[in-house]
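In this note's numbering, the protein residues as written are 115 to 460.
Notes for the one structure printed next.
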Ligand code: 13P
Ligand code: SF4
């Protein structure tokens, strides 16, 4: 494919979302990336939050965390370029110790992954002996290594139920945990929060989940007022929320699901208007794929970590072989068990 052909493809998809001058420039970079990708026998995986020009040009596969983990597990390429954040690239490395995994920007982190350490998990295990630990995939490899099983927003409730345990430790996202607790009819406590129990009063032992107080710096900012305002202005709007949003926001929405579940919902629904309570680029990506459907633009919340990944960085990543993701072998083998158990649950 030539740069001109790439430009035509991008224009057809993004002509109404991205200015023409930007499209021409980015098509040139995308074309170089595709050539290098072939030379290096690489696969490019891109999360749904990638900026539209990247999302619609270079990836072999796009998707949510679960889908991309599955793709990483299945690849036979020498190099995996992960257009997403560090914990996602680490998961790909955990599954592929013999392949080179590249993250195009060194600083692409995640507020959830930063919120908990392996030592925190070890302490919780001592406090709640014998209780299985579920960790959201938005954590670093050493935290995964301390866990029994990982989950994503796409299978969190199914993972909790699969354990058939009276109690489950669920880390580190407070709101995802609260949403799963509501969905599965469990009561949740947060041991790091100071108890308001009066001195001498008996402890309420009726709880089935133990949570942590991490949150996503993007999703925490959506409010019930946002939903009400959108419904006032557009009475026919369908509201989709990511389960990292607060439970009251999820309750006020029409549907909650992973980024991939939202993509599918819009594809399969005949409604004309949608409000997506998630990271902004995804609205642009879905709008480009569904020309007859309108995404209501109240959103200006871009994940600063996902935003680190650009086409320019992806080109340099393949050219300069950077940034190589490594996971120490003793951590990797322990994390692998938890990740493989997660992938097995659809
Ligand atoms: P998904 O797995 O739903 O794509 O979510 C990943 C994420 O980081 C959401 O903020
Ligand atoms: Fe992390 Fe939130 Fe960004 Fe997702 S959107 S990568 S959870 S900070």
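Even for Gly, the Cβ is constructed at its ideal location relative to N, Cα and C.
Nothing here was measured: the structure is a model prediction, and the numbers come from that model.
In the structure shown, residue 164 adopts coil according to DSSP, grouped into three states.
Taking 7 Å as the cut-off, the C-beta of residue 225 counts as close to a heavy atom of the ligand SF4. Per the C-alpha coordinates, the member of 146, 265 and 338 positioned closest to residue 366 is 338. Taking the C-beta atoms as reference points, residue 137 is found nearer than 8 Å to residue 125. Around the C-beta of residue 396, 16 or more other C-beta atoms lie within 10 Å, and the residue is accordingly described as buried. Counting of Cβ neighbours within 10 angstroms places residue 306 among the exposed residues, the total staying below 16. When DSSP reads this structure, residue 284 sits in a beta bridge with 248. Annotated as proximal: residue 374 and residue 177, with beta-carbon spacing under 8 Å. Here residue 211 has 446 as same chain residues with Cβ atoms under 7 Å from its own Cβ, once five neighbours each way along the sequence are excluded.
Annotation for residue 439: no beta strand (DSSP E) segment contains it, and DSSP assigns it neither H nor E. The shortest C-alpha to C-alpha distance from residue 189 to any of 214, 265 and 278 is the one to 214.
Per the DSSP secondary-structure output, residue 195 pairs in a beta bridge with 158 and 216. Residue 266 and residue 436 have their C-alpha atoms roughly 27 Å apart. Within the same chain, Cβ atoms closer than 6 Å to the Cβ of residue 385 are found at 352, the five residues on either side in sequence being excluded. Relative to residue 328, the option among 229, 291 and 359 whose CA is nearest is 229. For residue 133 and residue 236, the gap between their C-alpha atoms comes out near 50 Å. Residues lining the ligand 13P by the Cβ criterion, that is a Cβ closer than 5 Å to any of its heavy atoms, are 178, 179, 266, 267, 372 and 373 in chain order.
Within 10 angstroms of the beta-carbon of residue 357 lie 16 or more other beta-carbons, which makes it buried. If the five residues before and after residue 394 are omitted, its C-beta is found closer than 7 Å to the C-beta atoms of 413, 414, 415 and 416, all from its own chain and listed in chain order. With a threshold of 16 other beta carbon atoms within 10 Å, residue 171 meets it and is buried. A buried status is given to residue 173, since no fewer than 16 other beta-carbon atoms sit within 10 Å of its beta-carbon.
If you look at residue 387, you'll find it in the beta strand (DSSP E) that goes 387-391.
Between residue 440 and residue 360, the alpha-carbon positions lie close to 34 Å from each other. Beyond the five residues adjoining it in sequence on each side, residue 279 comes within less than 8 Å, by CB distance, of 245 and 246 in the same chain, given in chain order. Not one heavy atom of the ligand SF4 falls within 7 Å of the beta-carbon of residue 162. With respect to the 8 Å criterion, residue 252 and residue 219 are not classified as neighbours on the basis of their beta carbons. The beta carbon of residue 394 sits no closer than 7 Å to any heavy atom of the ligand SF4.
Assignment of beta-bridge partners to residue 408 by DSSP yields 387. Contact between residue 293 and residue 370 holds, with the beta-carbon distance rounding to 7 Å and staying under 8 Å. Straight-line spacing of the CA atoms in residue 208 and residue 254 works out to 11 Å.
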